[in-house]
Amino acid sequence: MMKFVVQNVRNGGCRLGILSEISGVDQNIETPMCMLYTRAGIIIFFVDIDLFMKIQEAACPTIYTALSDSDTDAQSGKKRCTKAVDRTLGFLDDIVDRHRKSKILKDSALIGAVVGGYSEHERLRSAKETSTRPVQGIFLQFLSICWEVLSKIRRKINFECLPEDKCRLLPGVLRPDQVLHAVTMGIDIFDSSYPLHVRVSGKNFRLPSSKFFPSYCISGIICWYFLS
Numbered sequence: 160m161m162k163f164v165v166q167n168v169r170n171g172g173c174r175l176g177i178l179s180e181i182s183g184v185d186q187n188i189e190t191p192m193c194m195l196y197t198r199a200g201i202i203i204f205f206v207d208i209d210l211f212m213k214i215q216e217a218a219c220p221t222i223y224t225a226l227s228d229s230d231t232d233a234q235s236g237k238k239r240c241t242k243a244v245d246r247t248l249g250f251l252d253d254i255v256d257r258h259r260k261s262k263i264l265k266d267s268a269l270i271g272a273v274v275g276g277y278s279e280h281e282r283l284r285s286a287k288e289t290s291t292r293p294v295q296g297i298f299l300q301f302l303s304i305c306w307e308v309l310s311k312i313r314r315k316i317n318f319e320c321l322p323e324d325k326c327r328l329l330p331g332v333l334r335p336d337q338v339l340h341a342v343t344m345g346i347d348i349f350d351s352s353y354p355l356h357v358r359v360s361g362k363n364f365r366l367p368s369s370k371f372f373p374s375y376c377i378s379g380i381i382c383w384y385f386l387s
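Be aware that the sequence shown starts at 160, since it is given in our numbering, and climbs by one per residue.
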């Protein structure tokens, strides 16, 4: 079963960690890290718990994320955010039960999703409840809703309710400087969808010099981000 250990914490939140005992992987992985997405990206389907778990057993993944109800935007009311958290926790409990009974998935790591949209109360409830389940990581689905509120969300939740031994995954199309900002806040794993998003949008890639990207290292970062 996958394990995560924080080896060092710097700058008030940046975590240097190690993922180990990953099924099918004969080496440890250092974090922060970036997950590789294929050119086709992710295909979204409407599935129930039964079909979802059949797919997982057929694929036998190293790591997989539980189903979640994350369709909550700035216009979503309190009732909708509460329902999203309740449904996501219900999904997780059912998946945990199926995961425990599955001989095929006994070595696969299960990641729990934290939702709640713009509701501070529901995000905190989701984070606390998800952390009590036997998951190996936390998928911070709510943080992708709006980058502008990311730092405010972090201050309100402060990640204190998240166990240190569970890795934190942040999905979404984030610029490299935003990724580094999130690293300083304690995020461990990101996706790699940004380069494809830029290319498909027909936009140019440019990094201004800043505290995250001194002028002397910008060219190297661009090469790393597009070639990794």
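Think of the CB as a built atom: it goes at the ideal place given N, C-alpha and C, for glycine as much as any other residue.
Using only CA atoms, which one of the options lies nearest to residue i?
i: C405; options: R282, V164, L329 and H340; result: The first residue shown for the chain is 160 and the last is 387, placing residue 405 beyond what the model contains.
i: K262; options: S235, Q215 and R282; result: Q215
i: S179; options: E288, D324, T291 and I346; result: D324
i: E279; options: Y223, F250 and C240; result: C240
i: S285; options: K260, D252 and R169; result: D252
i: E281; options: K242, P335, V357 and S352; result: K242
i: V184; options: T190, M344 and T221; result: T221
i: S182; options: S267, R246, V165 and H258; result: S267
i: D245; options: D228, C173 and C326; result: D228
i: M212; options: P191, L175, L264 and F163; result: L264
i: V235; options: T247, A217, G275 and C219; result: Reading off the sequence shown, one finds Ser at residue 235, where the question assumed Val. Closest by alpha carbon: G275.
i: P326; options: N170, K238 and L269; result: Going by the sequence as given, residue 326 is Cys instead of Pro. Nearest of N170, K238 and L269 to C326, Cα basis: L269.
i: G271; options: D256, I348, R292 and K260; result: R292
i: V294; options: D230, L321 and L283; result: L321
i: S176; options: S290, Q186 and F163; result: Per the sequence presented here, residue 176 reads as Gly, with Ser not at that position. Residue F163 is the option with its Cα nearest to G176.
i: E189; options: L248, I346, L226 and T289; result: I346
i: T472; options: D232, R259 and F298; result: With the chain covering only 160 through 387, there is no way to say anything about residue 472.
i: V255; options: K237, K238, D232 and L226; result: L226
i: R127; options: S351, S290, T224 and P191; result: Shown here, the chain extends from 160 to 387; a query on residue 127 therefore has no answer.
i: V273; options: H258, L333 and T231; result: T231
i: H356; options: C173, L283, A217 and R334; result: R334
Ends of the alpha helix (DSSP H) at residue i?
i: V338; result: P335 to T343
i: P354; result: Y353 to V359
i: S290; result: E279 to S290
Based on the DSSP output, what are the partners of residue i in its beta bridges?
i: D266; result: Answer is none; D266 lacks a bridge partner.
i: A233; result: According to DSSP, A233 bridges with nothing at all.
i: F298; result: A272 and L328
i: N167; result: L175
i: E189; result: I177
Using the three-state DSSP reduction, which class does residue i fall into: helix, strand or coil?
i: D347; result: coil
i: M212; result: helix
i: K162; result: strand
In terms of residues, what are the limits of the beta strand (DSSP E) holding residue i?
i: Y223; result: I222 to T224
Just checking: is the beta-carbon of residue i within a distance shorter than 8 Å of some beta-carbon in chain D?
i: A341; result: Absent from the structure: chain D. Only one protein chain is present.
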